[in-house]
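Residue numbers for the sequence shown follow this note's numbering, beginning at 147 and rising by one.
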Amino acid sequence: MKNKINLKKIEFTLLLIVVLQIFLLMNMNVAESYLIHQTDEVIDNEKKLQDEKNKNFIDLGINLLIGIFSIKQIKVVSAKEIVNNSFEAFDMDISYDSEYSLSSTTWNCCPQTINGAICQDISSLTPEICITKPLPASCKNVIDCKLGCCFDSVEGLCTTSSPKGECEINNGEWSDNQYCLIQDCQKGCCVIGDEAQFATEQRCEQLSLIYGFEKDFRDVQTELECLAISASQFLGACIIKKETCAIKTEQECLSYNGRFFQDYLCSHPSLETDCTKQNSTGCYEGKDEIYWFDSCGNRENIYSSDREKSWNNGMILNKENSCNPDSSNAGSETCGNCNYYSGSMCSKTNETETHILDG
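Next up, the structure:
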């Protein structure tokens with residue numbers, strides 16, 4: 147009997163446990179849903195707070211930009227109220243001036259800038275770079291900024307494209323011919339000693355006074371003609387059109403518009419011509435001596451069998467410094483320094499006559 151009672155107690159206890167487990171299982175989903183719901187509210191609140199912070203940050207950035215534009219005095223529609231309200235917390239004093247705007251920017255004429263430039267068109271927004279008050283017009287419409295020719299009647303100098311005002315301030319004579327095609331600026335050749343300069347007649351008078359010469363002003367039309375007047379009669383290499391080289395005087399070379407190299411032979415390496423040194427020997431019209439000739443047919447120095455000494459490093463060697471200058475050298479095979487007054491001169495020879503070693 148006692149065992150039966152104990153068995154029933156055990157069965158009742160097990161039944162309670164089963165019922166309790168069933169109850170817990172039935173309410174677990176509800177509890178979990180409640181917890182999730184509570185968590186969602188926390189997440190939502192945090193998201194709302196973050197969104198609010200982002201919105202405030204964006205608003206502050208926009209207000210800062212608007213404030214910057216207002217400080218620069220660039221006109222922005224209804225910016226004044228926004229900026230003032232946004233920056234009250236920062237205790238900033240922001241001024242707004244609607245006098246200037248991008249659309250109202252104009253160009254004014256500045257007679258002289260702080261850097262010394264004359265007649266410059268400047269922005270109406272930067273009047274401070276002008277020494278005087280800018281003129282409300284373009285410089286091309288300002289009389290004192292009109293470009294022309296300025297003639298210095300003392301120095302005899304002409305300046306093209308000179309502003310009228312600047313010319314007159316410096317005591318110049320201004321005319322509206324921008325390229326100085328006027329009588330006072332016509333140039334000629336001013337000969338000063340053994341030199342010449344292409345200049346105006348008044349300039350020539352001034353230069354002659356400075357250097358202590360009588361004025362010698364000649365009517366020539368080009369600078370080339372003027373330079374030819376003072377050109378020397380010295381010989382040298384004349385490069386014509388970057389291709390041809392010939393031995394000429396300076397005056398002759400200038401008449402060909404060539405580049406003159408006094409005392410140079412055309413075979414000088416620095417001239418970079420196609421003329422090869424000492425290509426042949428022969429006589430030269432009007433001369434007594436025997437000469438070397440380069441491959442271009444140009445006369446070089448007096449013949450000597452000592453080729454290097456005769457070539458003289460590509461420079462002209464005069465008669466006095468050539469071989470045996472104090473001898474007639476008649477019948478010499480090694481020296482062509484002939485002298486008519488001593489009984490010798492260059493001539494073609496036949497087979498029975500004495501020949502130089504190289505000809």
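All C-beta atoms, glycine included, are put in the ideal place defined by N, C-alpha and C.
Kindly indicate the opening and closing residues of the beta strand (DSSP E) around residue i.
| i | result |
| --- | --- |
| Ile268 | Ile264 to Ser269 |
| Cys295 | Leu293 to Asp298 |
| Ile386 | Leu381 to Ile386 |
| Leu303 | Leu303 to Pro309 |
| Ile338 | Lys333 to Ile338 |
| Asn125 | Because residue 125 is not part of the residues shown, which for the chain are 147 to 505, the question remains open. |
| Ser321 | Glu319 to Ser321 |
At the level of alpha carbons, what is the spacing between residue i and residue j?
| i | j | result |
| --- | --- | --- |
| Tyr430 | Leu463 | 16 Å |
| Cys313 | Ser441 | 58 Å |
| Gln332 | Phe359 | 22 Å |
| Cys481 | Glu369 | 44 Å |
| Asp340 | Thr252 | 58 Å |
| Ser488 | Pro471 | 11 Å |
| Ile393 | Gln424 | 14 Å |
| Asp362 | Gln348 | 11 Å |
| Ser269 | Cys276 | 10 Å |
| Asn485 | Asn496 | 21 Å |
| Asn287 | Cys255 | 9 Å |
| Cys412 | Gly460 | 8 Å |
Can the beta-carbon of residue i be found less than 8 Å from the beta-carbon of residue j?
| i | j | result |
| --- | --- | --- |
| Val118 | Ser376 | What is shown of the chain runs 147 to 505, which leaves residue 118 out entirely. |
| Asp365 | Gly334 | yes |
| Leu492 | Glu435 | The residue you asked about is not Leu; residue 492 is Cys in the sequence shown. Yes; because the gap between Cβ atoms is below 8 Å, this pair is in contact. |
| Ser321 | Gly294 | yes |
| Ala374 | Gln408 | no |
| Lys310 | Ile289 | yes |
| Gln367 | Leu353 | no |
| Asp450 | Cys421 | First, the amino acid is wrong: residue 450 is Ser here, not Asp. No. |
| His501 | Glu479 | yes |
| Cys296 | Cys265 | no |
So which of the options has the shortest CA-CA distance to residue i?
| i | options | result |
| --- | --- | --- |
| Gln258 | Lys279, Ser269 and Leu271 | Lys279 |
| Leu281 | Leu293, Asp267, Gly294 and Lys292 | Asp267 |
| Thr427 | Cys421, Cys399, Ser416 and Leu503 | Leu503 |
| His414 | Tyr402, Leu355, Gly404 and Asn444 | Asn444 |
| Lys387 | Thr422, Cys291 and Tyr402 | Tyr402 |
| Gln379 | Tyr486, Cys399, Ser468 and Thr390 | Cys399 |
| Ser307 | Asn316, Asn475 and Cys326 | Cys326 |
| Ala345 | Asn261, Thr419 and Thr305 | Thr305 |
| Leu381 | Ile356, Cys372, Glu371 and Arg405 | Arg405 |
If you follow the alpha helix (DSSP H) that residue i is part of, which residue opens it and which one closes it?
| i | result |
| --- | --- |
| Gln348 | Glu347 to Tyr357 |
| Ile260 | Ile260 -> no alpha helix (DSSP H), and no H or E assigned at all. |
| Glu371 | Glu369 to Ser376 |
| Lys455 | Arg453 to Trp457 |
**Request:** Within the region 391–439, note down every full beta strand (DSSP E) run reaching 3 residues or more, in order along the chain.
**Result:** 405–408, 426–429 and 436–439
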